[in-house]
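2 protein chains.
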Amino acid sequence: MPSYKLYYFHSRGRAEIARWIFKLSGTEFEDIRYTHEEWLTKKENFPFRQLPVLEVTDDNGKTTVIPQSGAIFRYLGREFGYCGKDNLEMARTEFLCEQMMDGMMKLFITEQDEEKKKALVRQALEGPVSEGLKLLEGYVLDCGYFVSEKVSTADLAFAAGTEVLEMFDKNILDKTPKLKALNEKVMNIPEIKGWIAVRPKTQR
Amino acid sequence: MPSYKLYYFHSRGRAEIARWIFKLSGTEFEDIRYTHEEWLTKKENFPFRQLPVLEVTDDNGKTTVIPQSGAIFRYLGREFGYCGKDNLEMARTEFLCEQMMDGMMKLFITEQDEEKKKALVRQALEGPVSEGLKLLEGYVLDCGYFVSEKVSTADLAFAAGTEVLEMFDKNILDKTPKLKALNEKVMNIPEIKGWIAVRPKTQR
C-alpha cells in the first residue's frame, strides 16, 4: 500500500475533495496543514511554489510529488474508483467538475472596497452562479448522482462547493431541488458525515 | 469506430490540443468552426453555452456531448494513449498541463488601455511566465519529453502554448534550452508538422 501526505493550509479550499476521497475509501493519509508563516519558510521546497501538493510513496520508498488540486483529486478519484467505470463516464465526471470550478471562480472577486465587493458577489450569485446551477440541475440522473449510482468526484466537488456557496446564501439550492437532494445524499454518506463532524473547523 | 465532431471558433485557442490528438492518432473528425455571429444563433443548443464541445457518436448511434476543453483533451488523450501508461504518469501529464494553463492565464489581461495592457503583458512575461518556464524546464526528462519516451498531452499542450507565447516574444524559450528542444521535437512530429502546414490560418 502506498502512503500519502497531503499538504495544504488550514482550510478546506482546494484540498477538501482530496480529503473526502481518502475518507470515503478508508485510506490513511497525513493531513498536513501550514499556517501562512510556516508556508513562507517551506515554499521553496515545493514544485511550482504552490499548495495543495500530494506526496505518494510506494512500497519501495519511491516518492512522487503531485501538485495542482485538479490533478490530485483526479489521481485519487481514479485510484479509488470515483471517476466512473469507463472513459466516457470519466469525461462526464471531469467536465462537470470543470464547470463547477468555473462557476466558483465567479465568486473570487478581488475588489478592495467592501461595499462594492458585496454588490459584485450578489451580482455573481444572482447571475452566472444561478444560471450555472439551473444548467447543472439537468445533469442529475434518476439515481440521484451526476455520473452513476456510485458517488463520483463530480458529486463530491458539488457538495464541497455547496459548503462555500451556502456561506453566501443558505438557500442557494432552493430553486434546484435535484441538486439539493444530491447535496444531501453526499452529506449523508457515513464516511463524509463522520469526517465533517471531526475535521478541523475552518472558515473556508 | 465512434465518430467525432469538434465544435469551436475560427481559432486554435482551447481546441487546438484536441485537433492535434486527432491528427497524431490518425483519427477522422469534423472540425466545425463558428463565426461569432453563427455562435449567437447556435449557443442555446450547447450545454453550458460554451465552446469547445466534443460530440462522440458510437456504433449504435448514441451521442455523448463533452464540453470543457480540459475534459475534452484528457478524454481524447486517454482514448488514444497520450496520457501516460499508468495512473501516476497520468497525474504527471495532468499537473503539467494545469500548471501551463495557469501560466497562460497570466497573459489574459482585460485592461482596455492599449499602452497599459502592453506594460502588463510585459510584466507577466518577465515575471510569472519566465519563472514558470524555469520551473517547467526541470520536468523535461532525458528522453526529451515531459512524461515518457512517448509524446503526451503535456508535450502537446506545451507546444500549442508556445505558439501563443511566441506571438508575444519570439525568443521566449531561449533561456530554457530543454523546453526549446522539447518544443522542436513536438513540432517535428510528421503528423503535427503536416497539420500545421494545412490547418486554417488564424491569428490565435
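Residue numbers (our numbering), protein chains in the order written: chain A, 1 to 204; chain B, 1001 to 1204.
Beta carbons: idealized from backbone N, C-alpha and C, even for Gly.
Source: prediction; values computed, not measured.
CB contact check: residue i to chain B, cutoff 8 angstroms
i: A/ARG78; result: yes
i: A/PHE48; result: yes
i: A/ALA206; result: Residue coverage of chain A in this structure runs from 1 to 204, which leaves residue 206 of chain A outside it and unanswerable.
i: A/ALA71; result: yes
Beta-carbon proximity check, residue i vs residue j, cutoff 8 angstroms
i: B/LEU1024; j: B/ILE1192; result: yes
i: A/PHE146; j: A/ASP155; result: yes
i: B/ILE1021; j: B/LEU1107; result: no
i: B/LEU1096; j: B/TYR1139; result: yes
i: B/TYR1004; j: B/ILE1032; result: no
i: B/LEU1120; j: B/GLU1111; result: yes
i: B/ASN1087; j: A/GLU115; result: no
i: B/CYS1143; j: B/GLU1137; result: no
i: B/LEU1182; j: B/PHE1158; result: yes
i: B/THR1202; j: B/ARG1019; result: no
i: B/PRO1002; j: B/ASP1058; result: yes
i: B/PHE1048; j: A/LEU135; result: yes
i: A/ALA15; j: B/GLU1094; result: no
i: B/LEU1179; j: B/LEU1133; result: yes
Neighbouring residues, chain A, relative to residue i (Cβ below 8 angstroms)
i: B/TYR1075; result: ASN87, LEU88, MET90, ALA91, GLU94
Per-residue contacts from residue i into chain B (C-beta, under 9 angstroms)
i: A/PRO67; result: PHE1095, GLU1098, GLN1099
Cβ distance (whole Å) where residue i is taken to contact residue j below 8 angstroms
i: B/ILE1017; j: B/THR1162; result: Going by Cβ atoms, the distance from B/ILE1017 to B/THR1162 rounds to 12 angstroms, so no, they are not a contact pair.
i: A/GLN99; j: B/GLN1068; result: 6 angstroms
i: B/VAL1053; j: B/PHE1046; result: 6 angstroms
i: B/VAL1164; j: B/MET1104; result: 7 angstroms
i: A/ARG74; j: A/GLY84; result: 11 angstroms between Cβ atoms; not a contact.
i: A/HIS10; j: A/PRO200; result: 7 angstroms
i: B/VAL1151; j: B/ILE1196; result: Contact doesn't hold; Cβ gap of about 15 angstroms is too wide.
Closer than 8 angstroms to chain A by CB, residue i
i: B/THR1064; result: yes
Under 9 angstroms by beta carbon: chain A residues contacting residue i
i: B/LEU1135; result: PRO47, PHE48, ARG49
Beta carbon proximity, residue i to chain C, threshold 8 angstroms
i: B/ILE1196; result: Of the chains in the structure shown, none is chain C; the protein chains are A and B.
Residue ranges of each alpha helix (DSSP H) within the segment 99-134 of chain A, 4 or longer | Qualifying alpha helix (DSSP H) stretches, in chain order: 114-124.
Which runs of the alpha helix (DSSP H) fall wholly inside the segment 25-76 of chain A and span at least 4 residues, in chain order?
-> Qualifying alpha helix (DSSP H) stretches, in chain order: 36-42.
In chain order, which alpha helix (DSSP H) runs of at least 4 residues are fully inside the segment 161-203 of chain A?
-> As far as the segment 161-203 of chain A is concerned, its whole alpha helix (DSSP H) runs of at least 4 residues are 177-187, 190-198.
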